[in-house]
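Engineer:
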Amino acid sequence: MLRVTLTQIGIFLLPFAAYALWLWFSKKAEKSEAWSRGHIFWLFITGGGLVIVSFIVMASYDDKHEGQTYRPAEFRNGVLTPGRYE
Numbered sequence: 099m100l101r102v103t104l105t106q107i108g109i110f111l112l113p114f115a116a117y118a119l120w121l122w123f124s125k126k127a128e129k130s131e132a133w134s135r136g137h138i139f140w141l142f143i144t145g146g147g148l149v150i151v152s153f154i155v156m157a158s159y160d161d162k163h164e165g166q167t168y169r170p171a172e173f174r175n176g177v178l179t180p181g182r183y184e
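Numbered according to our numbering, the sequence shown spans residues 99 to 184.
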């Protein structure tokens with residue numbers, strides 16, 4: 099769960115990083131109006147949209163084991179057998 103959370107935070111921050119790099123390469127980073135509320139609002143909306151799209155993609159490509167039964171992990175003869183679908 100931590101991996102998914104960190105991935106989503108990274109995806110959310112992508113537009114902010116891209117905008118910061120664009121400002122730096124275009125030499126506009128020194129201007130205070132470059133980080134105005136309007137720009138931050140649209141970066142926030144874009145980041146949120148990317149997170150929503152990534153959740154949809156993750157749900158679409160998730161391995162669904164339809165018609166199979168999950169067998170939980172168990173100890174057999176002192177050996178841990180991992181969980182599996184049958």
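C-beta atoms are modelled at their ideal positions from N, C-alpha and C, and glycine is treated no differently.
Could you name the residues that DSSP lists as bridge partners for residue 177?
Structural biologist: By one-based count along the sequence shown, residue 177 stands at place 79. Answer by DSSP bridge pairing, in chain order: 174.
Engineer: So is residue 104 buried or exposed if we call it buried at 16+ other beta carbons inside 10 Å?
Structural biologist: Numbered from 1 along the sequence shown, position 6 holds the residue referred to as residue 104. Exposed, because fewer than 16 other Cβ atoms sit within 10 Å of the Cβ of residue 104.
Engineer: Determine, using beta carbons only, whether residue 141 and residue 109 come nearer to each other than 8 Å.
Structural biologist: Translated into positions along the sequence shown, residue 141 becomes position 43. Translated into positions along the sequence shown, residue 109 becomes position 11. In this structure, residue 141 keeps its C-beta atom at 8 Å or more from the C-beta atom of residue 109.
Engineer: Consult DSSP for residue 159 and reduce its assignment to one of helix, strand or coil.
Structural biologist: Walking along the sequence shown from the start, residue 159 turns up at place 61. The answer is coil: DSSP assigns residue 159 none of H, G, I, E or B.
Engineer: Straight-line CA distance for residue 112 to residue 176?
Structural biologist: Here residue 112 refers to the residue found at position 14 of the sequence shown. Here residue 176 refers to the residue found at position 78 of the sequence shown. Cα to Cα, the separation comes out at about 47 Å.
Engineer: I need the straight-line Cα distance from residue 123 to residue 154, nearest angstrom please.
Structural biologist: Numbered from 1 along the sequence shown, position 25 holds the residue referred to as residue 123. Numbered from 1 along the sequence shown, position 56 holds the residue referred to as residue 154. Inter-residue distance for residue 123 and residue 154 is about 33 Å (C-alpha atoms, whole angstroms).
Engineer: In chain order, what residues of the same chain have a beta carbon less than 8 Å from the beta carbon of residue 179, not counting five sequence neighbours either side?
Structural biologist: Taking the sequence shown and counting its residues from 1, one reaches residue 179 at position 81. Residues of the same chain with a CB within less than 8 Å of the CB of residue 179, apart from the 5 flanking positions on each side, are 171, 172 and 173 in chain order.
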